[in-house]
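**Q** Our numbering numbers the first residue of the sequence shown as 563 and each following residue consecutively.
Cβ coordinates follow ideal geometry from the N, Cα and C atoms, glycine included.
Have a look at this one.
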Amino acid sequence: MEEVKRLIDEIRKGEIKPIYFLMGEEAYYIDRIAEYISKNVLSEEEKGFNQMVLYGKEVTVDDIVSNAKRFPMMSERQVIIVKEAQHLSRTIEQLASYAENPQPSTVLVICYKYKKLDKRKKLHKLLKAPNGHVFESKKLYENQVSEWIRKILKTKGYPISYKASILLVEFLGTDLSRINNELDKLSVVLPQNTEITPEIIEKHIGISKDYNNFELKKAIGEKDILKATKIITYFAQNPKDNPFVVTISLLHTFFTQLLQYHGLNDHSARNVASALRINPYFVDEFQTAARNYSMKKSSKVVSYLRELDMKGKGVGAYNISQADLLKELLVKIM
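If you want it as structure tokens, here you go:
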């Protein structure tokens with residue numbers, strides 16, 4: 563992410579702001595920036611007296627301000643990192659009085675995950691340069707995550723096949739911190755320059771390259787009943803690794819997008835990818851599914867999936883096994 567790189571470059575050059583307010587839905591970048599500041603602004607000798615971590619659950623805004631106003635000991639600066647600051651959302655605007663005149667020798671880092679400041683209010687306005695820097699960490703769309711994986715692995719010295727990156731997204735979702743943890747595990751066991759393939763992912767992360775939601779979605783789109791049956795049988799035998807709620811959610815998204823596809827006038831690959839917010843890699847999959855499922859049929863499938871989702875949560879049904887739900891899913895869809 564370019565903004566993260568620019569921010570870290572500024573800190574590396576010594577262009578350090580008194581306040582960094584890190585907010586937004588994607589925790590990964592908030593953690594990376596806070597970690598960089600924690601490791602690099604002070605020397606190891608300075609950290610003992612001049613670096614502290616506070617937690618939003620345990621402190622008040624007044625506590626933060628009180629610590630921020632004190633002077634460093636035998637150091638040019640002190641660093642205060644407030645983690646889980648989202649727990650202070652009801653009182654966070656009280657920080658405005660400090661933001662108006664921050665202590666120049668303090669670097670205050672506020673980690674405000676999963677929430678955002680109201681840009682209309684005073685605090686957000688006061689946190690602009692030179693007093694501070696507001697960084698908003700936005701959640702990546704699913705179609706952007708596979709490219710993010712490729713870039714992260716490139717920095718670690720590993721190429722990855724496209725199918726392998728898609729497999730990771732299908733299994734791990736869009737939580738970048740979770741994905742990065744798995745990539746770190748791979749970098750420990752694999753020599754650099756090893757291409758990461760579905761086979762490697764299956765071996766080291768435990769995601770089956772043949773029996774996963776990605777392959778199930780594809781089989782259903784192609785109306786390949788034999789392949790789809792084999793996959794749901796595997797899911798039924800391994801329910802913990804293949805939660806029904808994840809399968810239903812993914813298929814619901816797929817058929818909702820298929821309805822959108824049917825509504826498009828321009829079915830060119832470029833327009834489909836843009837309109838559905840999918841990677842161009844998947845356009846063929848939608849073109850095939852559209853031939854097998856009309857708009858009317860796709861709409862019915864979306865309704866079936868909603869019913870099955872409710873059954874899976876115990877609404878209108880009692881003690882139905884995942885195996886039976888999966889069988890009903892195939893019968894109704896295909």
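Please determine if the region 798-806 and the region 858-869 are in contact, where contact requires at least 3 C-beta pairs separated by less than 8 Å.
**A** As far as the Cβ criterion goes, the region 798-806 does not touch the region 858-869, which means the pair count is below three.
**Q** Mind checking tyrosine 617: buried by the 16 CB within 10 Å criterion, or exposed?
**A** Numbered from 1 along the sequence shown, position 55 holds the residue referred to as residue 617. That one is exposed.
**Q** Select from Ser723, Lys765, Ile895 and Ile643 the residue whose C-alpha is nearest the C-alpha of asparagine 755.
**A** The residue labelled residue 755 in the question sits at position 193 within the sequence shown. For the residues Ser723, Lys765, Ile895 and Ile643, the minimum Cα distance to asparagine 755 belongs to Ser723.
**Q** By how many angstroms is the C-alpha of valine 669 removed from the C-alpha of glutamate 608?
**A** In the sequence shown, residue 608 corresponds to position 46, counting from 1. In the sequence shown, residue 669 corresponds to position 107, counting from 1. Cα-Cα distance, rounded: 13 Å.
**Q** Which partner residues does glutamate 698 have in the DSSP bridge list?
**A** Within the sequence shown, the letter at position 136 stands for residue 698. Partner(s): Met585.
**Q** Are the Cβ atoms of serine 600 and isoleucine 643 separated by less than 8 Å?
**A** For the purposes of this step, residue 600 is taken as residue 38 along the sequence shown, with counting starting at 1. For the purposes of this step, residue 643 is taken as residue 81 along the sequence shown, with counting starting at 1. Yes, these two residues count as a Cβ contact at 8 Å.
**Q** Could you give the distance in angstroms between the alpha-carbon of tyrosine 720 and the alpha-carbon of leucine 788?
**A** By one-based count along the sequence shown, residue 720 stands at place 158. By one-based count along the sequence shown, residue 788 stands at place 226. So the two alpha carbons sit approximately 35 Å from each other.
**Q** Quick check on threonine 759: does DSSP put it in helix, strand or coil?
**A** Within the sequence shown, numbered from 1, the residue matching residue 759 stands at position 197. Reduced to three states, the DSSP call for threonine 759 is coil.
**Q** Is the separation between the beta-carbon of leucine 738 and that of glutamate 588 shorter than 8 Å?
**A** Residue 738 sits at position 176 when you count from the first residue of the sequence shown. Residue 588 sits at position 26 when you count from the first residue of the sequence shown. Going by C-beta atoms, leucine 738 is nearer than 8 Å to glutamate 588.
**Q** Is the beta carbon of glycine 874 closer than 8 Å to that of phenylalanine 806?
**A** As a first step, residue 806 must be located in the sequence shown, where it is residue number 244. As a first step, residue 874 must be located in the sequence shown, where it is residue number 312. Contact: yes.
**Q** Helix, strand or coil for leucine 715? Go by DSSP, reduced to three states.
**A** The sequence position of residue 715 within the sequence shown is 153, counting from 1. Of the three classes helix, strand and coil, the one that applies to leucine 715 here is helix, per DSSP.
**Q** Pull up the distance between the alpha-carbon of glutamate 847 and that of aspartate 886, whole angstroms please.
**A** Taking the sequence shown and counting its residues from 1, one reaches residue 847 at position 285. Taking the sequence shown and counting its residues from 1, one reaches residue 886 at position 324. The straight-line gap from Cα to Cα measures roughly 27 Å.
**Q** Pull up the CB-CB distance for isoleucine 595 and leucine 604, whole angstroms please, since I reckon it's below 8 Å.
**A** Taking the first residue of the sequence shown as position 1, residue 595 is located at position 33. Taking the first residue of the sequence shown as position 1, residue 604 is located at position 42. No, isoleucine 595 and leucine 604 are not in contact; Cβ-Cβ is about 16 Å, not under 8 Å.
**Q** Alpha carbon to alpha carbon, how far is alanine 658 from serine 622? Give it in angstroms, no decimals.
**A** Sequence index remark: in the sequence shown, residue 622 carries index 60 (1-based). Sequence index remark: in the sequence shown, residue 658 carries index 96 (1-based). One detail in the question is off: residue 622 reads as threonine in this sequence, not serine. Taking the straight line from one Cα to the other gives about 14 Å.
**Q** Taking the alpha-carbon positions, what's the glutamate 698 to arginine 652 distance?
**A** Looking up residue 698 in the sequence shown gives position 136. Looking up residue 652 in the sequence shown gives position 90. Near 19 Å, if we compare the C-alpha coordinates of arginine 652 and glutamate 698.
**Q** Can you give me the start and stop residues for the beta strand (DSSP E) that leucine 616 sits inside?
**A** The residue you call residue 616 lines up with position 54 of the sequence shown. First-last of the beta strand (DSSP E) with leucine 616: 613-617.
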